[in-house]
Each structure stands twice: as structure tokens, then as C-alpha cells.
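**Student:** Residue -4 is where the sequence shown starts when you use my numbering, and the numbers rise one by one after that.
Have a look at this one.
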Amino acid sequence: MGFDQPGEACQRVLVAEDDAMFRKILHNWLHSWGYQVTIAEDGAKAWEILQGDSAPQLPILDWMMPEPNGVELCRLIRERNSSPYQYIVLLTAKDDK
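Structure below.
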């Protein structure tokens, strides 16, 4: 896809996705682009990982996954007011408005 290696500020990525196929696809893409990928099957595991000492710097979260869902997890992350600012990517297959 023409992407270069990730910058030093964002080497570690968390993929929180409850669908095994999408987890595998995301893992393979990100890994091939040079990211260190950590996987979580649900929001609870993702939150546990994000509170760790060497937490990934970029969470990629499924909007609709077991508790907490991606939106709730975003709120938890934002409530921490951590520095530097942490960007979050929300993914969804939801097609309703």
C-alpha cells in the first residue's frame, strides 16, 4: 500500500477485536508495516493491557466488542488524561446510521 516504516513515537499498537478473522488480518497488515502488535479479544483484556507499564501507544479498537466496547474504552482512556496525547482508532463494520 506504499506505507513507510512507522515513526519512533508509535511502534507499539494494540488491536482489540472480538472477531478472530479481523484480528488476524489487522495483525498481519500492521506487522508487515513494522509495528509491534499486541492483541486483545475483548475490551476488558484491552483495558488491562493499556494500563500496563509498556502499554501500546496506539489502540485500534472494535466499536462493538464485549464489555467495555470500543466507545466505552475510549472514554476510559480519555479519563486518564495521559501525556503525551494518545490517538485512538475505532473500527466498525456497522452500517446503520
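Cβ atoms here follow ideal geometry from the backbone N, Cα and C, with glycine treated the same way.
Excluding five sequence neighbours on each side, which residues of the same chain lie with their C-beta closer than 8 Å to the C-beta of Gly65?
**Tutor:** So the list reads Ala11, Gly38, Leu56, Asp57, Trp58, Met59, Leu85, Leu86, Thr87, once near-sequence residues are dropped.
**Student:** Which whole-angstrom value is the C-beta distance of Arg7 and Pro79, which I expect to be below 8 Å?
**Tutor:** Between Pro79 and Arg7 the Cβ distance is about 14 Å, and since that is not below 8 Å, they are no contact.
**Student:** On the three-state DSSP scale, how would you describe Ala41?
**Tutor:** helix
**Student:** For the beta strand (DSSP E) containing Ile20, list its first residue and its last residue.
**Tutor:** No beta strand (DSSP E) holds Ile20; the alpha helix (DSSP H) holding it covers 15 to 27.
**Student:** Thr33 and Ile44: beta carbons closer than 9 Å?
**Tutor:** yes
**Student:** Quick check on DSSP: helix, strand or coil for Ile83?
**Tutor:** coil
**Student:** Short check: CB of Ala35 to CB of Leu9, under 9 Å?
**Tutor:** yes
**Student:** Between Gly(-3) and Gln31, what straight-line distance do the alpha-carbon atoms span, to the nearest angstrom?
**Tutor:** Confidence at Gly(-3) is low in this model, with a pLDDT of 49, below 50, so its placement is unreliable and no value can be given for it.
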